[in-house]
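Residue numbers (the numbering used here): 3 to 241. Let me begin by presenting the structure, written as structure tokens, before commenting on it.
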Ligand code: CA
């Protein structure tokens, strides 16, 4: 194993899935270790050197959400990506609220998993670097000047719209649950229909086509995500 490789700890009790992930992630250049139980994962992470965690929520000795709470409570900062079954929507939301960064739903495509892992790493790097201007596609957000532009044209956001976008930018690429957003923006003193009104008005301003959002996307049953699109890449939507 390359000593400089990013070390992924796969916490998964299903040997077939664990083997599949070891092979796949290894081929992508990641260092991979497997923990089949939450207790082993806690011990391994406490020993240090784990850069990313891929976590199955259904573990034999502890609920995955409980494991996340313990890790975050103990100060662990690495990205945690959750593997969840399709029928456990509520569990997935609870895991995100507990401090997971993202999720993929089983049965998942390995390419999707790689993309989510790369996004988590980018987010981690951005947190460390804290670039003053955030860009996704044609949208640019300057947090020092409090300026938002779309394809170079200044947008006029209300203070609440700005705060909502700022929150999404701080967690760009990551899914934010309804509960997190409501907690951050209204101290929890509001509800999802109210949030939807702000999402809609923000989309009217920041989306080239508000009916088909390219940046502020809905994660059904979970919340919202600000997609990170390389401004020079091929994915830039036409404006
Ligand atoms: Ca399991």
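Yeah, the Cβ is synthetic: ideal placement off N, Cα and C, and Gly gets one too.
Per-residue DSSP class, three states only, for residue i
i, result
"residue 108", "strand"
"residue 225", "strand"
"residue 18", "helix"
"residue 209", "coil"
"residue 66", "helix"
"residue 51", "coil"
"residue 269", "Residue 269 cannot be examined here, being either before or after the span of the chain that is shown, 3 to 241."
"residue 231", "coil"
"residue 26", "helix"
"residue 61", "coil"
"residue 39", "coil"
"residue 33", "strand"
"residue 137", "strand"
"residue 214", "coil"
"residue 191", "coil"
"residue 185", "helix"
Test item: CB-CB of residue i and residue j under 8 Å
i, j, result
"residue 170", "residue 125", "no"
"residue 177", "residue 114", "no"
"residue 187", "residue 165", "yes"
"residue 13", "residue 61", "yes"
"residue 167", "residue 208", "yes"
"residue 56", "residue 98", "no"
"residue 96", "residue 138", "no"
"residue 108", "residue 121", "no"
"residue 59", "residue 100", "no"
"residue 15", "residue 41", "no"
"residue 1", "residue 201", "Residue 1 is absent from the model: the chain starts at 3 and stops at 241."
"residue 7", "residue 26", "no"
"residue 184", "residue 175", "no"
"residue 203", "residue 163", "yes"
Whole-number beta carbon distance between residue j and residue i, since they are thought to touch under 8 Å
i, j, result
"residue 94", "residue 230", "Not quite, the Cβ-Cβ distance comes to about 21 Å (not below 8 Å), so this is no contact."
"residue 1", "residue 53", "There is no way to answer for residue 1, as the model of the chain reaches only from 3 to 241."
"residue 83", "residue 105", "7 Å"
"residue 37", "residue 43", "4 Å"
"residue 20", "residue 47", "Actually they do not touch by this definition, with Cβ atoms about 17 Å apart."
Beta-ladder partner(s) of residue i, from DSSP
i, result
"residue 149", "144"
"residue 56", "12, 83"
"residue 220", "226"
"residue 179", "225"
*Collect the residues with a C-beta less than 7 Å away from any heavy atom of ligand 1 and give them in sequence order along the chain.*
Here the list is 14, 15, 16, 58, 60, 61.
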